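Asks: Residue numbers (our numbering): 422 to 538. Even glycine gets a Cβ: it sits at the ideal position worked out from N, Cα and C. Source: prediction; values computed, not measured.
1) Do residue 445 and residue 497 count as a contact pair if the criterion is CB distance below 9 Å?
2) Closer than 7 Å by C-beta to residue 428: which residues in its own chain qualify, once you throw out the five before and the five after it? Chain order, please.
3) With a cut-off of 8 Å on the beta carbons, I'd call residue 482 and residue 460 a contact; round off their distance for me.
4) What whole-angstrom Cβ distance do residue 494 and residue 520 have, given they're in contact under 8 Å?
5) Could you give the DSSP three-state label for residue 481: helix, strand or coil?
6) How would you call residue 454, buried or exposed, if buried means at least 16 neighbouring beta carbons within 10 angstroms?
7) What are the boundary residues of the alpha helix (DSSP H) that residue 531 is part of?
Here is the structure:
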């Protein structure tokens, strides 16, 4: 999971500059749309890949996007509710550990374990 965790700096800055009263789903939509810039599928599509190869690129993009969701969600949560302080993502941990620890419940170990079930 570690290699795909590279969250583009420009997307971080884009979300960080959103007004705190901008609806979280609007911020999420902005982050997701901006991630298209790093999409291997978008680059391959622009080069004219064969339709039979779409699945490989879309699968890779989907997995990469899923890995980046906790960063997007926690960054937006922190921007709206916690003054923009983001906990670092621990690359040696799994996906179910990342989301709760990078958001508001980072100090509640019971909640983290519940989310990991």
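Replies: Considering the structure as presented:
1) Along the chain shown, read from residue 1 onward, the residue named residue 497 stands at position 76. Along the chain shown, read from residue 1 onward, the residue named residue 445 stands at position 24. Yes, Cβ-Cβ distance for residue 497 and residue 445 is below 9 Å.
2) Taking the chain shown and counting its residues from 1, the one referred to as residue 428 is at position 7. Cβ within range, chain order: 489, 492.
3) By 1-based counting over the chain shown, the position of residue 482 is 61. By 1-based counting over the chain shown, the position of residue 460 is 39. Right, the Cβ-Cβ distance comes to about 5 Å (below 8 Å), so this counts as a contact.
4) Reading the chain shown from its first residue, position 73 is the one you call residue 494. Reading the chain shown from its first residue, position 99 is the one you call residue 520. That pair is a contact at about 7 Å.
5) The count along the chain shown starts at 1 and reaches residue 481 at position 60. Looking at residue 481 - three-state DSSP - the assignment turns out to be helix.
6) Sequence index remark: in the chain shown, residue 454 carries index 33 (1-based). Exposed: under 16 other Cβ atoms inside 10 Å.
7) Here residue 531 is taken as the residue at index 110 of the chain shown, counted from 1. Segment 530 to 536, the alpha helix (DSSP H) holding residue 531.
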